[in-house]
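Worksheet: one structure, shown below.
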């Protein structure tokens, strides 16, 4: 199974029970995502893409089926094991950034290190956080609070937080949903750059424009995969920015 | 998980809501402060009572004359006049282990010297009295057995009486007129302070009991006899022997009640310390309730905090916090609140009892153990009342917590 695939779902189903009703959010999804892919997961609300994302992010467990992440079956792990997997292998980027308020950018980025098994000194915490912040273009803003940053900058802090533990997979849930179109392109630029450096990116979006930046589009409806195709010519966000003669971010 | 960063997170969360943290800790501050101050007052009172009991003398047995009923009026202890000088001599002679006996008669009267006069208590005693009560003289000498045999007009006075009549003058060798009888003062006693009943023990004139009976009070009966025993082990036995000796001497048939009462100092001490122990417990319990209320305050604010920070908990879980990490974080917050409150409370409690000592003249005694117990108890309150909110936080579902608005 470990033929270069980082994520492998085998007939995954997820059923919620609300009272007497059973809701089949995911009805049998099998998918392989290889190392270095940039996947856009699309679908209308209620299509099951959020549930699938939660399973991919180890926030939730499939009711039946298997989830093999980086060669290990994680579908039966308990809460604590899943927390460790999230810490080591997964980076999350959310639509609403989910930064801790009244906490500096640096401390937000350091957060995953607090729960890491690695033994680091405070200086190492700081040094790593500052390096990752600089890599997303936020050098000099380490001590700013989220309220002092623009939406785009907040999302960059969130990306830095997702990257600090050098995850296998970057999961982005509508990362541009709260941003204007220009800032969206800037954020996508970062994703594309990270992807070029070999990080696997899985991004949920319902906007076809945004999905066009990914290398592969997966469309869901009613809890199953409707369509799964490679994008022949993904849009290059960086050159698009230059084309607009916009000042650099 | 690392403890130090979690600790930092907890401290930062507390600092972020300064006023709220202070108000929450205030409950604990008041609770712990009250415990420290109240137990301090109770222990101080207990220590004072114990000191006063000890000042009665060691291994002392008190024999009081019985009461009598005359025309339906009962006189109370000492009224019947059943104790005689011969009884005291018999005790001295026949009861083993006795090292001191003092025949006691008591009266109050006006005393005068020069143009000063003073109303005070007159005690007739034997020279053993000063040893029995462990009451040394500050100046001069006590009267002697010779003075007792001759009923000499000599006396020893307490420090209050000395000041009231002679002021700064030295009373030794001066003449004190008691019921117009001139007595020579041979000594002044060291101050003993107030008794358990609040009587000034230094407001006193002590003279040979023979002199008191013949020249001041009149009568031939003793109010009571003070007996001192060498060994505390012998106290019970000596007490029994005194009872049977006196029954025999007073011709009391078996089955009839004694015409005297015997008490020993241990019984008196037990009764007095039992009272103060109850007081300490009661004060401690009241203070404990306020500590409990403080704990409920912590629980309340922690529950609010968990709800407010549901999203934060979700984010922490998403980036890899285990349930235990979240639990620890909130527990540290609660325990920090309660133990910092406890420390401040200890300082306030000590301060309050010092103020009470200084202004209200209440004796207070703060022991290291009561401080340690108060501190540990406040930390325990934090753990106990912080646990439920912390567990609630730890049990949150990360997906729902992230979605929480």
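Protein chains in written order, with the numbering used here: chain C, 8 to 256; chain H, 18 to 422. Ideal Cβ positions, reconstructed from N, Cα and C, are used throughout, including at glycine.
Proximity below 7 Å, CB of residue i to CB of residue j
| i | j | result |
| --- | --- | --- |
| residue 169(C) | residue 100(C) | yes |
| residue 281(H) | residue 258(H) | no |
| residue 61(C) | residue 119(C) | no |
| residue 230(C) | residue 55(C) | yes |
| residue 165(H) | residue 227(H) | yes |
| residue 81(H) | residue 238(H) | no |
| residue 459(H) | residue 220(H) | Only positions 18 to 422 of chain H appear in this structure, which leaves residue 459(H) out of reach. |
| residue 326(H) | residue 87(C) | no |
| residue 39(C) | residue 207(C) | no |
| residue 25(C) | residue 31(C) | no |
| residue 48(H) | residue 307(H) | yes |
| residue 220(C) | residue 242(C) | yes |
| residue 352(H) | residue 399(H) | yes |
| residue 41(H) | residue 354(H) | yes |
| residue 81(C) | residue 97(C) | no |
| residue 193(C) | residue 158(C) | no |
| residue 232(C) | residue 33(C) | no |
| residue 74(H) | residue 246(H) | no |
| residue 348(H) | residue 407(H) | yes |
| residue 41(C) | residue 15(C) | no |
| residue 304(H) | residue 52(H) | yes |
| residue 382(H) | residue 71(H) | no |
| residue 192(H) | residue 157(H) | no |
| residue 222(H) | residue 139(H) | yes |
| residue 266(H) | residue 148(H) | no |
Beta-carbon neighbours of residue i, restricted to chain C and to distances below 7 Å
| i | result |
| --- | --- |
| residue 416(H) | 61, 66, 67 |
| residue 33(H) | 109 |
Closer than 8 Å at the beta carbon, the chain C residues around residue i
| i | result |
| --- | --- |
| residue 425(H) | Past the boundaries of the shown model lies residue 425(H); chain H is included only from 18 to 422, so the question cannot be answered. |
Residue-level contact to chain H via CB, residue i, 7 Å cutoff
| i | result |
| --- | --- |
| residue 256(C) | The predicted model places residue 256(C) with a pLDDT of 48, which falls under 50 and marks its position as unreliable, so this point remains unresolved. |
| residue 94(C) | yes |
| residue 115(C) | no |
| residue 244(C) | no |
| residue 87(C) | yes |
| residue 140(C) | no |
| residue 248(C) | no |
| residue 198(C) | no |
| residue 118(C) | yes |
| residue 90(C) | yes |
| residue 99(C) | yes |
| residue 8(C) | Summary for residue 8(C): the model assigns pLDDT 41, below 50, so the residue's position carries little reliability, and this model does not support an answer. |
Partner residues on chain H for residue i, Cβ-Cβ distance less than 8 Å
| i | result |
| --- | --- |
| residue 261(C) | Nothing can be reported for residue 261(C): it is not among the residues displayed for chain C, which extend from 8 to 256. |
| residue 148(C) | None at all; the shortest Cβ gap to chain H is about 20 Å. |
| residue 168(C) | 336 |
Closer than 6 Å: residue i CB and nearest the ligand PLP heavy atom
| i | result |
| --- | --- |
| residue 196(H) | Absent from the structure shown: the ligand PLP. Ligands present: none. |
- Item | Contact between the segment 224-233 of chain H and the segment 178-190 of chain H (3+ Cβ pairs under 8 Å) | no
- Message: My parser needs the beta strand (DSSP E) runs of 3 or more residues fully inside the segment 186-214 of chain H; what are they?
- Response: 192-195, 198-206
- Closer than 9 Å, Cβ to any Cβ of chain D: which residues of the segment 328-341 of chain H, in chain order? In the displayed structure, chain D is absent; the protein chains listed are C and H.
- Message: Using 8 Å as the cut-off, can you tell me whether the segment 180-194 of chain C makes contact with the segment 119-136 of chain C, which would need three or more C-beta pairs spanning the two stretches below that distance?
- Response: no
- Could I get the ranges of all uninterrupted alpha helix (DSSP H) runs contained in the segment 52-77 of chain H, with 4 residues as the minimum, in chain order? none
- Inspect the CB distances between the segment 61-69 of chain C and the segment 239-251 of chain C and report whether three or more fall short of 8 Å. no
- Query: Taking one C-beta from the segment 202-222 of chain C and one from the segment 169-180 of chain C each time, how about it: are there three or more such pairs within less than 8 Å?
  - Reply: yes
- Message: Check whether the segment 50-64 of chain C and the segment 106-114 of chain C are in contact - that is, three or more C-beta pairs closer than 8 Å.
- Response: no
- Are the segment 143-151 of chain H and the segment 257-273 of chain H touching, with three or more C-beta to C-beta distances below 8 Å? no
- Item | Those runs of the alpha helix (DSSP H) which lie wholly inside the segment 197-243 of chain C and span at least 4 residues | 215-218
- Message: In chain order, what are the residue ranges of uninterrupted beta strand (DSSP E) at least 3 long that sit wholly in the segment 264-315 of chain H?
- Response: 277-281
- Item | Validate contact between the segment 53-62 of chain H and the segment 366-376 of chain H using beta carbons, cut 8 Å, 3 pairs | yes
- Item | Stretch pair the segment 401-418 of chain H + the segment 327-334 of chain H: three plus CB contacts closer than 8 Å | yes
- Three or more beta-carbon pairs under 8 Å between the segment 150-170 of chain H and the segment 202-216 of chain H, yes or no? yes
- Segment contact flag, the segment 28-47 of chain H with the segment 290-297 of chain H, C-beta cutoff 8 Å, min 3 pairs: no
- Message: Suppose only complete runs of 3+ residues qualify. What are the beta strand (DSSP E) ranges in the segment 75-140 of chain C, listed by chain order?
- Response: 97-100
- Three-pair Cβ contact test at 8 Å for the segment 191-198 of chain H versus the segment 117-136 of chain H: yes
- Kindly provide the ranges of any alpha helix (DSSP H) runs that are 4 or more residues long and lie completely inside the segment 142-188 of chain H, ordered along the chain. 146-149, 162-167, 176-183
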